[in-house]
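Peer 1: Got a structure for you, questions after.
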Amino acid sequence: MIGLRFLHHVRSTTHLLRAAKCFSTSSAHSSPYDRTIRNLKITDQTRVIYQDTDLTQRAMEEVKPDVSAVFVPATFAAAAILEAIEAEVPLVVSVAEHVPVHDMLRVHEVLRTQSKTRLVGPNCPGIIAPNQCRVGIMPYKQYTRGCVGIVSKSGTLSYEAVGSTSRAGLGQSIVVGMGGDMLPGTTLADGLKLFFNHDETKGIVVIGEIGGEAELEAAELIREHRRTFPKPKPVIAMVAGRTAPEGKAMGHAGAIWRNGDVTAEAKSKALEDAGAIIVPHPGVMGEKMKELLGM
Numbered sequence: 001m002i003g004l005r006f007l008h009h010v011r012s013t014t015h016l017l018r019a020a021k022c023f024s025t026s027s028a029h030s031s032p033y034d035r036t037i038r039n040l041k042i043t044d045q046t047r048v049i050y051q052d053t054d055l056t057q058r059a060m061e062e063v064k065p066d067v068s069a070v071f072v073p074a075t076f077a078a079a080a081i082l083e084a085i086e087a088e089v090p091l092v093v094s095v096a097e098h099v100p101v102h103d104m105l106r107v108h109e110v111l112r113t114q115s116k117t118r119l120v121g122p123n124c125p126g127i128i129a130p131n132q133c134r135v136g137i138m139p140y141k142q143y144t145r146g147c148v149g150i151v152s153k154s155g156t157l158s159y160e161a162v163g164s165t166s167r168a169g170l171g172q173s174i175v176v177g178m179g180g181d182m183l184p185g186t187t188l189a190d191g192l193k194l195f196f197n198h199d200e201t202k203g204i205v206v207i208g209e210i211g212g213e214a215e216l217e218a219a220e221l222i223r224e225h226r227r228t229f230p231k232p233k234p235v236i237a238m239v240a241g242r243t244a245p246e247g248k249a250m251g252h253a254g255a256i257w258r259n260g261d262v263t264a265e266a267k268s269k270a271l272e273d274a275g276a277i278i279v280p281h282p283g284v285m286g287e288k289m290k291e292l293l294g295m
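First residue of the sequence shown? That's 1 in the UniProt record's numbering, and the numbers climb one at a time after it.
Written out as structure tokens, the structure reads:
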């Protein structure tokens with residue numbers, strides 16, 4: 001019973017961790033780790049190393065990587081991530097699914113006390129700046145260079161948003177697949193912080209889903225952005241999982257809804273109230289963004 005209650009709180013990514021003071025997910029409080037959001041700005045000059053479980057000092061000295069791509073099984077993923085953090089690699093991308101929750105708690109405890117390394121993932125497609133740099137497993141030929149920044153829990157839905165914005169002639173500046181695990185290294189709110197201060201990004205797409213409270217934090221940031229900037233960037237959002245049955249994980253470990261959790265409808269309402277334009281399907285995001293940008 002205690003174990004089930006523990007996992008229930010871990011899944012929300014807020015209650016347990018705030019109580020344990022591992023880190024705060026509130027946009028109102030900053031931590032040293034927040035300073036690493038700038039490391040998400042990958043370009044055609046970004047140097048990438050594909051890391052196994054041992055990131056040697058020689059590799060660091062010879063390659064001087066900006067990004068470590070961690071393509072190792074879930075059992076060894078945390079150790080590889082911690083190696084990269086110790087080596088102070090600016091950005092780490094971990095694609096592995098089924099990384100143990102306790103392993104990620106340990107990783108987060110380290111992440112939140114340092115300001116050199118940013119983590120994307122685990123259980124994610126990665127990050128891409130179209131025609132410049134890809135770190136992950138995205139179908140890169142579908143992407144086009146452009147002005148829309150996308151941050152998404154779902155890899156597949158992000159691909160649809162990419163297809164839609166490409167067909168509309170807008171393209172993408174940077175696409176961040178944060179992943180659907182309970183404890184991601186980069187959240188929807190982090191993606192928004194990146195895009196709000198990214199000159200190449202003119203419009204933003206946010207794709208959430210059931211599980212956790214990341215969408216509520218994103219809504220808080222959108223509201224703050226619209227209040228403080230005279231010309232706020234338009235934000236289009238959707239939240240998947242409206243018809244998900246209670247207690248069933250929908251593909252992602254974090255995509256699970258239980259009685260008492262924030263529903264997909266409530267998340268959509270929070271985003272809409274904050275100023276985001278809610279759409280029912282990523283396939284319409286391109287034309288809607290084109291309209292909002294006056295193009």
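By construction, the Cβ of each residue, glycine as well, lies at the ideal position given by its N, Cα and C atoms.
Quick one: what's got a C-beta closer than 6 angstroms to L194's C-beta in the same chain, skipping five residues either side?
Peer 2: I37, L40
Peer 1: Distance, Cα to Cα, L271 vs P73?
Peer 2: 35 angstroms
Peer 1: Can you name the start and end residues of the beta strand (DSSP E) that V110 belongs to?
Peer 2: Not the beta strand (DSSP E): V110 falls in the alpha helix (DSSP H), residues 101 to 111.
Peer 1: Closer than 8 angstroms is the cut-off here; do at least three beta carbon pairs connect the region 98 to 113 with the region 147 to 157?
Peer 2: no
Peer 1: Going by the beta-carbon positions, is the gap between residue 304 and D52 smaller than 9 angstroms?
Peer 2: Coverage of the chain is limited to positions 1 through 295, which leaves residue 304 absent and any answer about it impossible.
Peer 1: Which class does S173 belong to by DSSP, given the choice of helix, strand or coil?
Peer 2: strand
Peer 1: Figure out for me which residue from T113, P32, E109 has the closest Cα to the Cα of L183.
Peer 2: E109
Peer 1: Quick check on the burial criterion: 16 or more other C-beta atoms within 10 angstroms. Buried or exposed for S27?
Peer 2: With a pLDDT of 43 at S27, under the threshold of 50, the predicted position of this residue should be treated as unreliable, though the coordinate-derived value follows. It is buried - the Cβ of S27 has at least 16 other Cβ atoms within 10 Å.
Peer 1: Whose C-alpha, out of H281, I42, G146, F229, is nearest the C-alpha of I207?
Peer 2: H281
Peer 1: Between the alpha carbons of F71 and D199, how many angstroms are there, rounded?
Peer 2: When rounded, the distance between both Cα atoms is 31 angstroms.
Peer 1: Mark F196 as exposed unless 16 or more other C-beta atoms lie within 10 angstroms of its C-beta, in which case mark it buried.
Peer 2: buried
Peer 1: In its own chain, which residues sit with a C-beta less than 7 angstroms from the C-beta of L293, not counting the 5 before and 5 after it?
Peer 2: K202, G203, P234
Peer 1: Can you give me the C-alpha to C-alpha distance between V176 and G191, rounded to a whole angstrom?
Peer 2: 7 angstroms
Peer 1: Relative to the C-alpha of I277, which residue among V239, A87, L91, I174 is closest?
Peer 2: V239
Peer 1: If A189 sits next to A161, beta carbons under 8 angstroms apart, how far is it from one beta carbon to the other, in whole angstroms?
Peer 2: Wrong, their Cβ atoms sit about 18 angstroms apart, outside the cutoff.
Peer 1: In whole angstroms, what separates the C-alpha of L221 from that of S94?
Peer 2: 26 angstroms
Peer 1: At which residues does the beta strand (DSSP E) containing R145 begin and terminate?
Peer 2: 145 to 152
Peer 1: Is I278 helix, strand or coil by DSSP?
Peer 2: Three-state result, I278: strand.
Peer 1: Write down the C-beta distance between P125 and G136 rounded to the nearest angstrom, noting that I regard them as a contact closer than 8 angstroms.
Peer 2: 5 angstroms
Peer 1: Would you kindly work out how many angstroms separate the C-alpha atoms of A77 and M289, rounded to a whole number?
Peer 2: 37 angstroms
Peer 1: By how many angstroms is the C-alpha of G185 removed from the C-alpha of P100?
Peer 2: Roughly 14 angstroms between the two C-alpha positions.
Peer 1: Enumerate in chain order the residues of its own chain whose CB-to-CB distance from A274 is below 6 angstroms, with the five nearest sequence positions on each side excluded.
Peer 2: A219, I222, R223
Peer 1: Between the beta-carbon of A87 and the beta-carbon of S115, is there less than 9 angstroms?
Peer 2: no
Peer 1: Going straight from the alpha carbon of S30 to that of S268, what length do you get?
Peer 2: 25 angstroms
Peer 1: Is DSSP giving A129 helix, strand or coil here?
Peer 2: strand
Peer 1: Pick from E209, R167, P232: whose alpha carbon is nearest that of M285?
Peer 2: R167
Peer 1: I'd like the list of long-range same chain contacts for G169, defined as Cβ closer than 7 angstroms, with 5 residues on each side in sequence excluded.
Peer 2: none
Peer 1: Tell me the DSSP secondary structure of A240 in three-state form.
Peer 2: strand
Peer 1: For the beta strand (DSSP E) containing Y50, name the first residue and the last one.
Peer 2: 48 to 51
Peer 1: Use the C-beta contact count for Q172: other C-beta atoms within 10 angstroms, 16 or more gives buried, fewer gives exposed.
Peer 2: buried
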